[in-house]
Amino acid sequence: QVQLVESGGGLVQAGGSLRLSCAASGSIFSINTMGWYRQTPGKQRELVATITSAGTTKYADSVKGRLTISRDNAKSTLYLQMNSLKPEDTAVYYCNANDARTGYVYWGQGTQVTVSS
Numbered sequence: 001q002v003q004l005v006e007s008g009g010g011l012v013q014a015g016g017s018l019r020l021s022c023a024a025s026g027s028i029f030s031i032n033t034m035g036w037y038r039q040t041p042g043k044q045r046e047l048v049a050t051i052t053s054a055g056t057t058k059y060a061d062s063v064k065g066r067l068t069i070s071r072d073n074a075k076s077t078l079y080l081q082m083n084s085l086k087p088e089d090t091a092v093y094y095c096n097a098n099d100a101r102t103g104y105v106y107w108g109q110g111t112q113v114t115v116s117s
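With the first letter of the sequence shown counted as 1, position 5 gets the number 5 in this note's numbering; the numbers rise by one all the way through.
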């Protein structure tokens, strides 16, 4: 089992910045790719960014150049630095982790990000 706990969400004005964190604990030795997803009411959860254990990243086109994903494997923590935020970035942000051994995907409980115009 892997537990993921997100933090760092909140209310920010357009153009501002936030840094989300996701602390992983439990059986994390076989975790490979981790990622951030977001969801707004009535819409499907969408990919924001992913990062492999080797550091290869992938971003949604809508966030390229503004949001940066990173991970500290020694601290078992995933980050999302969010700059130049826009109202359309408002969503609940979820951290996920893929277990390369079992194929299971773990999710955190989510953290709310609200960007005011």
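C-beta atoms are modelled at their ideal positions from N, C-alpha and C, and glycine is treated no differently. Note that this is a predicted model, so its numbers are computed, not measured.
Bridge pairing for S25: Q3 [DSSP].
Annotated as distal: S30 and V5, with beta-carbon spacing of 9 Å or more. Annotation: the stretch 37-116 contains the following complete segments of the beta strand (DSSP E) (minimum length 3 residues), in chain order: 46-51, 57-59, 67-72, 77-82, 91-99, 105-107 and 111-116.
In terms of CA proximity to N32, Y106 leads the group V115, Y106, L11 and K86. Nearest to L20 by alpha-carbon distance, out of S117, A74, K43 and L85, is L85.
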